[in-house]
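In what follows, a single structure is set out as structure tokens and then discussed.
Number of protein chains: 2
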Amino acid sequence: MIKAQTLKGFRDFLPREARRRQYVISQLKSVFESFGFEPLETPTLEYEEILTGKYGEEGDKLMYRFEDNGKRRVAMRYDQTVPLSRVVAQYQNELATPFKRYQIQPVWRAENTQKGRYREFLQCDGDIVGSSSPLADAEIIATAGRCIQELGFKDFKILINDRENLKFANDVEGLSEKENLMIIRAVDKLKKIGKTGVLNELIKDGFSKEVAEKIMLEVEHRQPTLYLSQIFTSLEKLGINKNITEFSPTLARGLDYYTGLIFEIEIESYDVGSVCGGGRYDNLIGIFAGRQIPAVGFALGFDRILEAMEALKLFPDEVTDSSTTILVTIFSEELKQKSIDVAAKLRAQNINTEIYLGEVKEKNPLEKQLKYADQKQISYVVIIGQEESEKNIVTIKNMKTREQKQLTIQELVSGLNKKELSV
Amino acid sequence: MIKAQTLKGFRDFLPREARRRQYVISQLKSVFESFGFEPLETPTLEYEEILTGKYGEEGDKLMYRFEDNGKRRVAMRYDQTVPLSRVVAQYQNELATPFKRYQIQPVWRAENTQKGRYREFLQCDGDIVGSSSPLADAEIIATAGRCIQELGFKDFKILINDRENLKFANDVEGLSEKENLMIIRAVDKLKKIGKTGVLNELIKDGFSKEVAEKIMLEVEHRQPTLYLSQIFTSLEKLGINKNITEFSPTLARGLDYYTGLIFEIEIESYDVGSVCGGGRYDNLIGIFAGRQIPAVGFALGFDRILEAMEALKLFPDEVTDSSTTILVTIFSEELKQKSIDVAAKLRAQNINTEIYLGEVKEKNPLEKQLKYADQKQISYVVIIGQEESEKNIVTIKNMKTREQKQLTIQELVSGLNKKELSV
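Going down the list, the protein sequences come from chains A and B. Here the first sequence stands for residues 1042 to 1464, numbered as in the numbering used here. Here the second sequence stands for residues 1042 to 1464, numbered as in the numbering used here.
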């Protein structure tokens, strides 16, 4: 027999987990829409040539790509930015500019799997395409901050810098762009490996000890650029509390393509690394359109966010519990129609209602049904036995307190609807 | 330059279309949950051996499959039933039984593309695993009917039959199971090719004219089985109007694996074929668990449903329009901060607000901004010019009526919140 198993790095999401994911997605969507972002979806498969060469050698290596039945070379979505670039070129006459879109879809990368790193994972991106206004940068930061806030995080910090602050051509004579990128990648590791670590990395990269030390001294003393000051002013006007933003001259972000603003969000009470990052990247979106198109955006780390929310207990009970409010049990074959009747009445009142569909044993008919409700974390159970049927009432059992009570159906419905069922 | 294009059979969903799809998904989810179904997600890629051999030769041919970087043979999700079978086997100790799950994810099939047929499309399934009770069959039909109703369809019909009615071993001497399946596949085409067409098909399949005619006569005169009668009784108890269900002895459904109930839903005012189909399939879910596990379920035809909803104008305005309620325009660089201020106040009142982020020209600053609002179908535009700024008011313009009016910000907020803005 074939073994029932999933591929390494790929996950099933059983109901409890799936509900949590859907909850986070729906919170994020509503924040995106409150800022005027609109949804975009792109296909899982693209022509290979659309994706290759855009993510460096490493990207091409980790990309899932193959030849399809029609002998076309195709590749699976690797991120959502390159498809966005394609969309911007392909529909340039249809899309309103600036184009503000959010996109929440899985991407695939054949990474080495390790804790918190998967081969199929959800990306959540928000981008503004076609605006070079610092107000767009501020809106992006505000949207990102609001996403984190709306999920229930209280103590988080938005670290902000300008890639301009990471240019060292004036400090190091004859510095090439490639060498500058090496510095950025080294500085990016500051949090992980400390100052000494970065210095060693720079020296390993071929810089002299003096130059390395000068770079570190310089970077730590950089000040907000004029462009950053404008962003900070707009952020305040947008109602973003000053206490949660911080100019961070050593924030580097590893990716090569940023051209201005860079930022990251960290949760202070749970050390999971950055849960959100983004910035301005004015030279990437235009690749298919053949002209420069400014853009600024951010990505949320969906799996990290879920991990932090779990640890900080930020999921509301109704998300963790079953979406079913009530299980109507079946006492016997004879009384079954009564139960169906009650379930139909509850549903007619928009109460999420399940009827027990498993086998009903003659001896101890409720035992398995109560166990089922517990397993699915259903809050209430309704019982209609001989007595209840004759009196035209129901017994309701609160599965958390294990208390139970007899009620008319009307009392049950109104109690559930007003959320003041006294059981 | 690389051409910006999508693969044949694959689609981008731009905001208007993406919003409509999200609307349908969210309606379906809430119906599923009202009946006690819980969400399940499975990976895009599975070990190839999990999927191959389950969908016949045709399925193996149309499946996207390839060798991954680790030399594993993998395949892309082809439907959601086989992954469900795997999940049921893999997590048998964790899942509550009966397991009621819904699953809304894309699947991939390298079909010949034609109108309404795509290579990547969304499947929406609801299934009850582990119950052989006819009440489960009734719940499945009721859930499916409620899905269609909740989307706004008024005139639809649920056609119901029992595969038992399509067994002809007692009518045709020495009929093999394979021959019986040939008959089912021929009868399944009745709507498309008519009675004569089916007769010809049967004759082409090798049946004599007499036998073919006998089969057709038999099938048309079959009556509801006892099992179907129980389902019809439960459906009535569940509050499903008798007028929308119909016993249809010639309903066959092409797939081989049904073992009892089969049903389809048709929209009467829009001929798009069946928008929903399902039935009982007791021999499929157990394939990985190695034992028989009864199951009953249905699938909605997502693309057909969207097509019918579009044709019948069932999308509410707020889904078709932008999710942005209001666009705050920027009159000039000097007055920009005022606009940001107003936007922040609107957002603080949970009003979906966008600030214009494009370039603001000195001459005719509003022209492009109003065009932007029109293009995104945003309902209202706020204007804050010199006069408004001095008087601490705003001008609000209704983009549908083109009327405008001056208001204080408080008046604006309360008018929008109460949905009684008199502009």
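Even for Gly, the Cβ is constructed at its ideal location relative to N, Cα and C.
For G1342 (chain B), the enclosing beta strand (DSSP E) starts and ends at A1336 to G1342. In this structure, the alpha-carbon of K1195 (chain A) lies about 16 Å from that of V1072 (chain A). For the set B:V1313, B:K1232, B:A1349 and B:A1177, the Cα lying nearest the Cα of K1141 (chain B) is the one of B:A1177. Look at P1175 (chain B) here: in three-state DSSP terms it is helix. For a Cβ distance threshold of 9 Å, residue set I1043 and K1044 of chain B lies close to E1090 (chain A), ordered along the chain. Chain-order list of chain A residues neighbouring A1130 (chain B): A1045, by C-beta distance under 8 Å. Residues A1414, D1415, I1419, S1420, Y1421 and V1422 of the same chain have their beta carbon placed closer than 7 Å to that of M1440 (chain A), with the five preceding and five following residues left out of the count. Legend: CB atoms of the region 1061-1072 of chain B lying less than 7 Å from CB atoms of chain A belong to residues Q1063. For Q1271 (chain B), the closest of B:I1169, B:I1182, B:E1259 and B:I1225 by C-alpha to C-alpha distance is B:I1182. Contact between the region 1060-1080 of chain B and the region 1109-1119 of chain A is absent: fewer than three C-beta pairs spanning the two stretches fall below 8 Å. Cβ contact annotation for T1266 (chain A) (same chain, cutoff 8 Å, sequence separation greater than five): D1203, E1205 and N1206, in chain order. Residues of the region 1322-1344 of chain A with a C-beta less than 7 Å from any C-beta of chain B: F1329 and G1331, listed in chain order. Where F1273 (chain B) is concerned, the enclosing alpha helix (DSSP H) starts and stops at L1267 to K1278.
Proximity of the region 1123-1142 of chain A to the region 1159-1174 of chain A meets the contact definition, three or more beta-carbon pairs being nearer than 8 Å. A residue is called buried once 16 or more other Cβ atoms fall within 10 Å of its Cβ, and L1200 (chain B) is buried on that count. Contact annotation: the region 1117-1136 of chain A does not touch the region 1087-1095 of chain B, with fewer than three C-beta pairs closer than 8 Å. Using beta-carbon distances, P1147 (chain A) counts as an interface residue toward chain B, with a partner under 8 Å. At a cut-off of 3 residues, the continuous stretches assigned as beta strand (DSSP E) that sit fully inside the region 1064-1116 of chain B are 1086-1088 and 1106-1108. The residues R1061, R1062 and V1065, in chain order, have a CB closer than 8 Å to that of L1347 (chain B) in the same chain once the five nearest residues on each side in sequence are set aside. The DSSP assignment places complete alpha helix (DSSP H) segments of no fewer than 4 residues inside the region 1355-1409 of chain B at 1358-1361 and 1377-1389, in order along the chain. Under DSSP, R1321 (chain A) forms a beta bridge with A:V1337.
With respect to chain B, the C-beta atom of Q1416 (chain A) has a partner C-beta closer than 8 Å. Residue contact check for G1399 (chain A) against chain B: a CB pair falls below 8 Å. The Cβ of Y1096 (chain B) sits no closer than 8 Å to any Cβ of chain A. Taking the CA atoms as reference points, P1335 (chain A) sits about 49 Å from T1366 (chain A). In the displayed model, N1221 (chain B) falls within a helix according to three-state DSSP. Contact annotation for V1115 (chain A) against chain B: L1048 [CB-CB distance below 8 Å, chain order]. Interface criterion not met: the Cβ of I1308 (chain B) is under 8 Å from no Cβ in chain A.
In this structure, DSSP gives V1464 (chain A) a state outside helix and strand, which the three-state scheme calls coil.
When rounded, the separation of the alpha-carbon atoms in L1136 (chain A) and I1326 (chain A) is 14 Å. If you check the CB distance, V1316 (chain A) and I1256 (chain A) do not come in under 8 Å. Within 10 angstroms of the beta-carbon of K1236 (chain B) lie fewer than 16 other beta-carbons, which makes it exposed. Judged by pairs of C-beta atoms under 8 Å, the region 1368-1375 of chain A touches the region 1390-1404 of chain A, as three or more such pairs exist. Shown here for Q1121 (chain B): same chain residues with a beta carbon closer than 6 Å to its own, the five before and five after excluded, namely Q1144, Q1164 and D1166 in chain order. Taking the Cβ atoms as the reference, V1360 (chain B) lies roughly 19 Å from T1394 (chain B), outside the contact range of under 8 Å. The residue from B:F1162, B:K1156, B:I1437 and B:R1158 with its alpha-carbon nearest to that of V1148 (chain B) is B:F1162.
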